[in-house]
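Read through the structure below, which is laid out as structure tokens, and then see the notes.
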């Protein structure tokens, strides 16, 4: 393809390459029998992404900049072994409940459940071995104009303290001209259970390892946030962003106001529009002047966690890269954090016969 020109959306052709490498997993894998570790590349011309069934993780997304130079714009580790026992959540599919559960406990129908506390007294991203720390099976892989791959996982009753068996699917699909979607489903089989899945990719549109993201322009279509306490647990309030450093309704660089936000940005935005998980709408736009890359995020969830990589501290990454503080940003569409304790937040508990669905669409272009 010729180098992209300003004002054009990148147009690509489609092909998919699939490579699988056998390897034994950890304790859970041994309980279920041998598992196979696979690496899968989905490609449309010069646009490609690489995923693995370890944690249903996105390992790379590559696309040209305004000069036609291709770069990988997501952060990741130098080898797959570094993803084992990872607490940074590079590119993982996190759950059973993403974000935090206060006190690592909740009650459903009068019965208390205690989940693994891996963030002080709280549960973060499903516990110390959440969905990003298990093998997923490959349910389907399809080549052609719109290549995609579907991973499946059955979470067992009592895993990390959560009730009931839960079937989970995630599909990564190249949908069109330099765009891809993430579609997540979950279905409780025998008990009510909270479900809140999130895709935890770290983005740097200049290319991973190429400085911080504090100069990116960020726009978030949200008029309010859910304020948090010192442990990053929502207080239950919904506060307007107008007149605060959290206001990204118009494009702004995070670095311009991050000094006014204790610790950096790590908060849930209450997205404008319907909150019933039915309507897909544009929720965020990120752009970088140096590369010319633009990323739009569309989704159907009520919330979006905006996180500026505050806890990165010289992590060893791909290709010899070192990720310093603010070296990447996360835009995680989700239900509201700690919704199991806040009746005023959108529902998070699903019962047998109900289906959780979460859809995200990423569109890339050059400005």
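In mature numbering (1 follows the signal peptide of the UniProt record, and there is no 0), the protein residues as written are -29 to -1, 1 to 338. For every residue, glycine included, the Cβ atom is placed at its ideal position computed from N, Cα and C. Note that the structure is predicted; figures quoted are calculated from it, not measured.
Would you mind reading off the limits of the beta strand (DSSP E) that contains residue i?
i, result
"residue 35", "28 to 35"
"residue 159", "150 to 159"
"residue 330", "327 to 337"
"residue 171", "169 to 171"
"residue 53", "Neither: residue 53 is in no beta strand (DSSP E) and is coded neither H nor E."
"residue 67", "First-last for residue 67: undefined, no H or E at that position."
"residue 106", "Element bounds for residue 106: n/a, residue is neither H nor E."
"residue 23", "18 to 23"
"residue 43", "41 to 43"
Determine the direct distance from the alpha carbon of residue j to that of residue i, and round the result to whole angstroms.
i, j, result
"residue 64", "residue 141", "9 Å"
"residue 112", "residue 119", "6 Å"
"residue 330", "residue 250", "10 Å"
"residue -11", "residue 10", "Note that residue -11 scores a pLDDT of 32, beneath 50, so its modelled location is shaky; the value from the coordinates is reported in the next line. Whole-angstrom Cα-Cα distance: 6 Å."
"residue 162", "residue 279", "36 Å"
"residue 316", "residue 50", "39 Å"
"residue 187", "residue 149", "20 Å"
"residue 243", "residue 271", "11 Å"
"residue 116", "residue 33", "18 Å"
"residue 181", "residue 260", "14 Å"
"residue -6", "residue 221", "In this prediction, residue -6 has a pLDDT of 33, which is less than 50 and means its spatial position is unreliable; nothing more can be read from the coordinates."
Leaving aside the five residues before and after residue i along the sequence, list all residues of the same chain whose C-beta is less than 6 Å from its C-beta, in chain order.
i, result
"residue 325", "none"
"residue 13", "-14, 20, 118, 145"
"residue 294", "46, 283, 286, 288"
"residue 205", "197, 199, 308, 309"
"residue 27", "64, 107, 122, 141"
"residue 408", "Given that the chain is displayed from residue -29 to residue 338, the structure contains no residue 408 and the question cannot be resolved."
"residue 255", "191, 268, 302"
"residue 42", "178"
Near residue i, which residues of its chain fall below 8 Å by C-beta distance, leaving aside the five closest residues on each side in sequence?
i, result
"residue 76", "83, 84, 85, 86"
Quick one: measure Cβ to Cβ for residue i and residue j, integer angstroms, because I've assumed they're closer than 8 Å.
i, j, result
"residue 346", "residue 60", "Given that the chain is displayed from residue -29 to residue 338, the structure contains no residue 346 and the question cannot be resolved."
"residue 79", "residue 172", "That pair is no contact at about 31 Å."
"residue 143", "residue 328", "Not confirmed; about 16 Å, so no contact."
"residue 184", "residue 300", "5 Å"
"residue 304", "residue 332", "Not really, about 10 Å apart at Cβ, beyond 8 Å."
"residue 189", "residue 223", "6 Å"
Tell me which same chain residues have a C-beta within less than 7 Å of the C-beta of residue i, skipping the five on either side of it?
i, result
"residue 147", "none"
"residue 109", "9, 24, 120, 122"
"residue 231", "216"
Indicate, with yes or no, if the ligand ZN has a heavy atom lying under 7 Å from the CB of residue i.
i, result
"residue 58", "Looking for the ligand ZN in the displayed structure turns up nothing, as the structure carries no ligands at all."
Every unbroken beta strand (DSSP E) inside the stretch 195 to 263 [3 residues or more] = 237 to 242, 252 to 258
If you scan the stretch 120 to 148 from start to end, which runs of the alpha helix (DSSP H) of 4 or more residues do you find wholly inside it?
-> As summarised for the stretch 120 to 148, there are no continuous alpha helix (DSSP H) elements at least 4 residues long confined to that stretch.
At 3 residues or longer, and completely inside the stretch 279 to 325: list those beta strand (DSSP E) runs for me, N to C.
-> 300 to 305
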